[in-house]
Amino acid sequence: MTVAEVSEHLSLEVLAEGDLNAPVRSGYCSDLLSDVLAHAGGGDVWITHQRHMNVVAVAKLREVAAVVIVHGASPNEQVVERARSEGVSLLMSDENAFQVAGKLYQLLGG
Amino acid sequence: MLQAGNLEEAGSVSGDVRRELATLKVEEDIIRRAGIVCFEGEMNIAMYSQGGRIILLVADDRVELLFSDRGPGIPDIELARTPGYSTAPDWAREMGFGAGMGIPNMERQSDRMEVRSRLDGGTVIRAMFQRGKG
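As given, the protein sequences belong to chains A and L, one line each in that order.
Residue 58 in numbering that gives the first Met the number 0 is what sits at position 59 of the first sequence, and the numbering runs on without skipping anything.
Residue 101 in numbering that gives the first Met the number 0 is what sits at position 102 of the second sequence, and the numbering runs on without skipping anything.
So, in structure tokens, the structure goes:
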């Protein structure tokens with residue numbers, strides 16, 4: 000399953016396009032940046048409420064497949080710009096973290 | 000030089016370090032680990048100190064990151080190394096920092112790490128990554 004396919008199945012809005020063909024391995028749900036740095040895996044879809052500049056840095060460091068910002072909270076334009084220039088896929092959902100994580104879990108076959 | 004209190008820009012040094020290490024053809028594993036250590040280190044400088052600097056050293060056998068700041072120092076280094084312990088201000092916690100995982104993460108991702116601190120002086124952290132481990 001690729002980022003593009005996940006995005007379509009979960010009706011996500013693509014704010015910044017990184018590699019949308021990147022394979023999605025699993026998911027990680029956290030708002031604590033150090034927790035993500037310590038435990039998220041490469042190829043995870045990172046589900047979070049955080050939407051500031053450091054999200055892009057953490058996503059890049061951890062090499063996640065994509066970031067999904069939940070509950071329709073949009074990041075500012077500088078963050079989106081940074082994500083674009085760093086090649087980080089930044090997606091947005093109107094749904095909450097539970098719903099997004101649940102759907103992703105089901106989509107990836109548990 | 001890193002400025003105090005500017006968390007938005009603080010993440011940029013780790014990106015520079017990663018690019019520099021990649022140019023020097025350092026092992027992927029070290030680039031990944033050094034990037035994480037640098038990010039945690041620069042966040043600590045931005046959150047807790049009055050400013051500081053990060054020095055990157057690349058040798059044939061190792062990579063080192065040296066963080067030094069002017070600031071309050073760490074009164075109890077053992078406590079600061081305890082997972083979950085944090086003195087982060089509320090504004091930083093709201094951004095997802097201050098989980099008490101910074102220093103433990105830095106130790107976990109590096110091969111060796113030393114923390115030295117002087118109260119009302121500053122803190123120096125040296126993180127080392129051994130090269131050539133395959």
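We treat Cβ as the ideally placed atom computed from N, Cα and C, and that holds for glycine.
Please read these numbers as outputs of a predicted model, since none were measured by experiment.
Could you tell me which residues DSSP puts in a beta bridge with residue i?
| i | result |
| --- | --- |
| T22 (chain L) | Partner(s): none; T22 (chain L) has no beta bridge. |
| L65 (chain L) | L:I54 and L:R125 |
| L90 (chain A) | A:V13 and A:V67 |
| R194 (chain L) | The question about residue 194 (chain L) has no answer here: the residues shown for chain L are numbered 0 through 133. |
| I46 (chain A) | A:C28 and A:V67 |
| T1 (chain A) | A:P22 |
Please tell me whether residue i and residue j are closer than 7 Å, where the distance is taken between their beta carbons.
| i | j | result |
| --- | --- | --- |
| F38 (chain L) | L60 (chain A) | yes |
| V55 (chain A) | R83 (chain A) | no |
| V36 (chain L) | M105 (chain L) | yes |
| T122 (chain L) | G40 (chain L) | no |
| A15 (chain A) | L89 (chain A) | yes |
| G40 (chain A) | A64 (chain A) | no |
| Y84 (chain L) | G99 (chain L) | yes |
| G28 (chain A) | A100 (chain A) | The sequence given here has Cys at residue 28 (chain A), not Gly. Closer than 7 Å, so yes. |
| D30 (chain A) | Q49 (chain A) | yes |
| I44 (chain L) | G34 (chain L) | no |
| M127 (chain L) | E63 (chain L) | yes |
| E19 (chain L) | M52 (chain A) | no |
| I29 (chain L) | R17 (chain L) | no |
| S92 (chain A) | L11 (chain A) | yes |
Among the options, which one has its Cα closest to the Cα of residue i?
| i | options | result |
| --- | --- | --- |
| T81 (chain L) | L:R107, L:L118 and L:Y47 | L:R107 |
| P74 (chain L) | L:F66, L:T86 and L:L65 | L:T86 |
| D68 (chain L) | L:G131, L:K132 and L:R125 | L:R125 |
| V66 (chain A) | A:S10, A:N75, A:E94 and A:G26 | A:G26 |
| R130 (chain L) | L:M42, L:E8, L:L118 and L:D110 | L:D110 |
| I53 (chain L) | L:S13, L:G101 and L:E8 | L:S13 |
| S11 (chain L) | A:P22, A:P74, A:A58 and A:S6 | A:A58 |
| E79 (chain L) | L:F66, L:V16 and L:V114 | At residue 79 (chain L) the sequence reads Ala, which differs from the Glu that was named. The shortest C-alpha separation from A79 (chain L) is found at L:V114. |
| R32 (chain L) | L:R117, L:M112, L:D119 and L:G120 | L:M112 |
| P88 (chain L) | L:V25, L:D59, L:Y47 and L:V57 | L:Y47 |
| A21 (chain L) | L:N5, L:I102, L:V57 and L:M42 | L:V57 |
| G86 (chain A) | A:V5, A:V13, A:M0 and A:H8 | A:V13 |
| E77 (chain L) | L:R92, L:K132, L:P103 and L:D59 | L:P103 |
| I68 (chain A) | A:R24, A:W45 and A:D34 | A:W45 |
Mind checking if residue i is an interface residue toward chain C, Cβ cutoff 7 Å exclusive?
| i | result |
| --- | --- |
| L14 (chain A) | No chain C appears in this structure, whose protein chains are A and L. |
In chain order, what are the residue ranges of uninterrupted alpha helix (DSSP H) at least 4 long that sit wholly in the segment 12-43 of chain A? Taking only runs of at least 4 residues, the alpha helix (DSSP H) segments lying wholly in the segment 12-43 of chain A are 32-38.
Near-chain L residues of the segment 46-57 of chain A (beta-carbon distance less than 9 Å), N- to C-terminal order: Within the segment 46-57 of chain A, the residues whose Cβ lies closer than 9 Å to some Cβ of chain L are T47, H48, Q49, H51, M52, N53, V54, V55, A56 and V57, listed in chain order.
Name, going along the chain, the residues of the segment 25-38 of chain A whose beta-carbon falls closer than 9 Å to a beta-carbon of chain L. Taking 9 Å as the Cβ-Cβ cut-off against chain L, the residues of the segment 25-38 of chain A that qualify are S29, D30, L31, L32, S33, D34, V35, L36 and A37.
Contact residues within the segment 85-98 of chain A, judged by C-beta distance below 9 Å to chain L: Listed by position, the residues of the segment 85-98 of chain A near chain L (Cβ gap below 9 Å) are E85.
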